[in-house]
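Student: Numbering (full-length UniProt numbering), first residue to last: 1 to 883. Don't be surprised by glycine CBs; every beta carbon is placed ideally from N, CA and C. All of these numbers come straight from a predicted model, not from anything done at the bench. Sharing a structure with you now.
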Amino acid sequence: MGTLPQLAIVKGQQTVKALIPALLHRTFEANVDKFCGNDTALIFDDDDRGQIKTNYNVLNSTANRLARAAIDEIAGKSEPNGDGDYIIAVCMQPSDRLVTTLLAIWKAGAAYLPLDPTFPANRIEHILKESRPVLVIHEDYENLAVFGETPAVAYADLRQKASPLSNANLLPEQMLGAGDNALALVLYTSGSTGVPKGVRLNHETILNRLQWQWNRFPYSETEKVGVFKTALTFVDSVTEIWGPLLNGMSIVVVPKKITNNPERLVELLEEYKIERLVLVPTLLRSLLLYLPLQKKKLLYNLRIWVCSGEPLQISLAKEFFDYFLEGVHQLCNFYGSTEVMGDVTYFVCESKKQLSNFDKVPIGYPLDNTVIYILTPDLQPVKPGEIGELFVSGLNLAQGYVNGRDPERFIDNPLAVDLIYSRMYRTGDFASVTKGCVYYEGRTDSQIKIRGHRVDLSEVEKNLLSMAGVDKGIVLCYHAGELDQALLAFITVEKGSAYQNGLQIEGALESKLAYYMIPQVILLDSIPLLVNGKIDRQSLLKMYENTNNNDDSNIEIEYDYAGVPEHKMDMAQALFTTVGQVIGRSTRTKISLQSNFYELGGNSLNSVITVTQLCQKGHAISITSFIGADNLAEILDKMYANQKHIAEHEQLNGGASKDHEFEFEYTMNLTAQPLANEHKEDAINILTYSFYEKADLERWIKPLIKEQDYRDILEDIWDVLIEKQLSFVIKDRSGKSVGVSLNFDAYDEPEPELTNNLVIIFEFLEYVEKPIREEKLPQGINQILHSFMMGTCADLSAQENIEAMHFMESEVLKIATRRDFTGILTTNTSPLTQQLGSNVYKYETMLDYQINQWEYSDGSRPFGKAPEDQRVIVHWKDIRKQH
């Protein structure tokens, strides 16, 4: 009898019976009566009032009075909104008064809706218009007109009206909706389109999240004070406030001026001996930069660090344990969103040794009463290890969005067998599951199309942030899918970084990413943040729009010929217009003699195309000369000098012209060495990087293939490579290996035993090459030199990369000639090598094939998602014609 197939479904512990079927403020009231009435609940340092300490009895009594006053303000004037909810909006800065007001709103039978006083007016207007709260409680908010028709009252006025009222806990019949309102709060998220939408979270949902926290990360005997520092508009504030207050602890309320100052924040955390902190990785990085510079060890008491809101990089997690002690301090990676009460999975980082087992920090394991599903588009579970979309089911789910917006995000669960899992939330994130542990794999909506190619923004961002000297950054797409679409990277660099402008970084990225994935890099002094510490994406995109005026779809390229001598004018016009046509709308300024090709928006591939087109127009320039030129004036001078040289050559040779177009100018002092065992580590690293990270075929079948797959196959054929003496490495003047070329006799190739999914790649290559090899080329041993794999070092610049490839091509030609081969066969899958092969090295195109048409032996189409313009070209060079 066979075993049941494993599926990517992970279930947290089911503890539904342990839930207290009570509203949160009722739990608070019971605790006050039982054990904590005289204990300090709130601590707040006010510039005007000094340090304020409020005990539980005072907090409870004041909240009761405020609740009655709020009900009086509302009575007979307002009805619940279209969802049947009573909502009271709160527009106040962090203080003891804010927390008291939140408790009062619950006691009144309503849900609270935070409005940050720094919100722009149009955002507040949108939120109020859609959510229709029955009241706004504000604190000295000047622009009252922004509240529109919503009744509003200042906290000071409400407090004055509340003074004579009863301080007793309210009975259900005294509350709005007779105390039946299960909704606890409404939080407005930015939304992927920038239009805010409100998430409705009820008391039971918050309680499920809190009870899991109390059980999994219990407060220690010495933990007396919690910290409320997160903006109220973000979901992490809920656990910061109510986690401690429902356990009889104190919370210190942190004003924004301290939250935004790492030095003062550390002082406060140290003063109150805070033992746990929730923060985004961006803030963690700032603290880890600050702490080692101090004279004494700080924050030793802070033993539980919770990162959430953004992916936690493994390098940052390891850096945490450079400062904090393993076994004493824990770094937790929480995953979730407002729609699932902040967190639904967690992973605890305990040591560097533990982290060394992971390529990235997992998002971990589900919380109690939560199920994580990794599903296909038709809602079927994928297998463990496969990537699918992450869905969440269980008690952490919100009730939905205000006004029932986006119903496709909260759907019926077709896989449910228990009532509490009957609904599920579509997160919009990709994930995978291995051995019950969940891994974040990027956003489903982070994929865009550029020139027919699919590009994952998270992949571009990962490569950008891995570069030495780059500090922080984010990759965004401006107007995705529209004519003025632009791939943008906004970054800051570390002090002393070698990068002085974005163009240098773009050049370095060419060794990491396909040409169409290179973003326009914009250097900033600092990255704008939202009030919760997350990057303000909308602000960055607006800044780009205002700077570049991309709203005008009729922008024409401007050519400035000032300074061009009359005798060079025709050549300058050919150069400028060719550059403009090749770069197109990504041209960032007018084209003139002072223009730098890369500052205009060029890249490695564009340079090859531009040189090719110039040569076809009769203007000779080498690739190295073109790439190495500081500006178009220098290129023009070299083109003019080449023209004179060719004319003189033709005059001396009776009109016979040599092919001068691609005479290459070497600057790196490269040498070639036959492949030997001493090169093994360098060669395998270079080729693995080149093909796993950058190859155009392999990306369509990730994650079916792994980096180790390349290492395994190269290990398998290594001895044969050395034995045949057709392969080589190239080194620069310092002796560093910067390139590798693997070559075989096409009829004497090794046949490695393929036990991994690289068999798909090899079957495809055999499919396109075999008919050419057997039907159109010379047969037998020592006829066809197969240029099998060619890769370059990751840290070469764009110019160095092409120079290394050109040098290796010349070396392959020397080997083929020296060993008396008839010609060279190679298959190119990248646009860059295809351009070089066809236009620079003058290979003959034997086959030009659309890769998404290929069917694997099992009937599937592994590259089926590739755009129609992605091709593979089988090239052949008959070297007999050159002799």
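Ordered along the chain, which non-local residues of its own chain (more than five positions away) have a Cβ less than 7 Å from that of Tyr710?
Tutor: Leu687, Thr688, Phe691, Tyr692.
Student: Throw me the rounded Cβ distance for the Ile101 and Ala398 pair, which I believe falls under 8 Å.
Tutor: One point to set straight first is that residue 101 is Thr, not Ile, in the sequence displayed. No, Thr101 and Ala398 are not in contact; Cβ-Cβ is about 22 Å, not under 8 Å.
Student: What are the partner residues of Ser787, as DSSP defines its beta bridges?
Tutor: Its beta-bridge partners are Asn743, Thr826.
Student: Rounded to the nearest angstrom, what separates Glu461 and Gln313 at their Cα positions?
Tutor: For Glu461 and Gln313, the distance between alpha carbons rounds to 12 Å.
Student: Look at the alpha carbon of Ala794 and the alpha carbon of Ala804, and state the distance between them as a whole number of angstroms.
Tutor: Taking the straight line from one Cα to the other gives about 12 Å.
Student: Decide yes or no for the touch test of the segment 395-414 against the segment 297-308: beta carbon pairs closer than 8 Å, at least 3 of them.
Tutor: The segment 395-414 is not in contact with the segment 297-308.
Student: Can you check DSSP and say which residues form a bridge with Val371?
Tutor: Answer is Lys11, Ser393.
Student: Per DSSP, Leu847 forms a beta bridge with which residues?
Tutor: Leu847 pairs with Val874.
Student: Whose CA, out of Glu558, Leu614, Pro196, lies closest to the CA of Ser592?
Tutor: Checking every option, the nearest Cα to that of Ser592 belongs to Glu558.
Student: By Cβ distance below 8 Å, which residues in the same chain neighbour Val225 in space, the five residues on each side in sequence not counted?
Tutor: These residues qualify, in order along the chain: Ile43, Pro244, Met249, Ser250, Ile251, Val252, Tyr272, Lys273, Ile274.
Student: Output the distance between the C-alpha atoms of Ala816 and Ser741, rounded to the nearest integer angstrom.
Tutor: Those two C-alpha atoms are separated by around 13 Å.
Student: Which residues mark the beginning and the end of the beta strand (DSSP E) in which Leu113 is found?
Tutor: Where Leu113 is concerned, the enclosing beta strand (DSSP E) stretches over 111-114.
Student: Rounding to the nearest angstrom, what Cα-Cα distance links Lys197 and Leu185 in this structure?
Tutor: About 13 Å.
Student: When the Cβ atoms of the segment 169-183 are set against those of the segment 79-92, are three or more pairs found closer than 8 Å?
Tutor: Flag = yes, the segment 169-183 and the segment 79-92 touch.
Student: What do you reckon, are the CB atoms on Pro381 and Ile9 nearer than 8 Å?
Tutor: Contact flag set, yes.
Student: Any idea if Ile258 is buried or exposed, counting beta-carbon neighbours within 10 angstroms, 16 or more meaning buried?
Tutor: So Ile258 counts as buried.
Student: Might you give, ordered along the chain, the residues of its own chain that have their beta carbon closer than 6 Å to the beta carbon of Asn38, omitting 5 neighbours on each side?
Tutor: Asn55.
Student: In the DSSP output, what is Thr40 paired with across the bridge?
Tutor: Asn55, per the DSSP bridge assignment.
Student: As an exercise, report each continuous beta strand (DSSP E) stretch of at least 3 residues that is fully enclosed by the segment 142-193, in chain order.
Tutor: Segments of the beta strand (DSSP E) lying fully in the segment 142-193: 152-154, 183-189.
Student: Cα separation between Ala486 and Arg209?
Tutor: Their backbone Cα atoms lie some 40 Å apart in a straight line.
Student: Any idea which residues DSSP pairs His138 with across the strands?
Tutor: Per DSSP, Cys91, Ala154.
Student: Using 10 angstroms around the beta-carbon of Asn369, count the other beta-carbons present and answer buried if the total reaches 16, otherwise exposed.
Tutor: Asn369 is buried by the Cβ-count criterion.
Student: Quick check on the DSSP output: the beta strand (DSSP E) that includes Trp305 runs from which residue to which?
Tutor: Trp305 -> beta strand (DSSP E) spans 304-307.
Student: Would you tell me roughly how many angstroms separate the C-alpha atoms of Gln13 and Trp212, rounded to the nearest one?
Tutor: Distance between the alpha carbons of Gln13 and Trp212 is about 10 Å.
Student: Quick one, which of Thr827, Gln853, Thr833, Ser857 has its alpha-carbon nearest Leu847's?
Tutor: When only C-alpha atoms are compared, the closest one is Thr827.
Student: Confirm, please, whether the CB-CB distance from Tyr335 to Ile363 is below 8 Å.
Tutor: The answer is yes: Cβ separation under 8 Å.
Student: Is Asn669 near Ile705, with beta carbons less than 8 Å apart?
Tutor: No, they are not a contact pair.
Student: Would you kindly work out how many angstroms separate the C-alpha atoms of residue 937 and Val392, rounded to a whole number?
Tutor: With the chain running from 1 to 883 in the structure shown, residue 937 is simply not present.
Student: Suppose the cutoff is 6 Å on Cβ atoms and the five residues either side in sequence are ignored; what does the same chain contact list for Glu599 look like?
Tutor: Hits under 6 Å: Leu503.
Student: Buried or exposed: where does Ala63 fall if 16 or more other Cβ atoms within 10 Å of its Cβ makes it buried?
Tutor: Buried.
Student: For the alpha helix (DSSP H) containing Asp709, name the first residue and the last one.
Tutor: Run containing Asp709: 707-724, per the alpha helix (DSSP H) assignment.
Student: What span of residues does the alpha helix (DSSP H) with Arg423 cover, start to end?
Tutor: First-last for Arg423: 423-434, but that is the beta strand (DSSP E), not the alpha helix (DSSP H).
Student: Check each candidate in Pro164, Ser860, Gly436, Cys477 and name the one with the smallest Cα separation from Asp456.
Tutor: When only C-alpha atoms are compared, the closest one is Cys477.
Student: First and last residue of the alpha helix (DSSP H) that includes Phe320?
Tutor: Unbroken alpha helix (DSSP H) run through Phe320: 314-323.
Student: By Cβ distance below 7 Å, which residues in the same chain neighbour Glu855 in space, the five residues on each side in sequence not counted?
Tutor: Contacts found: Arg861.
Student: Is the separation between the beta-carbon of Ile372 and that of Leu390 shorter than 8 Å?
Tutor: Yes, these two residues count as a Cβ contact at 8 Å.
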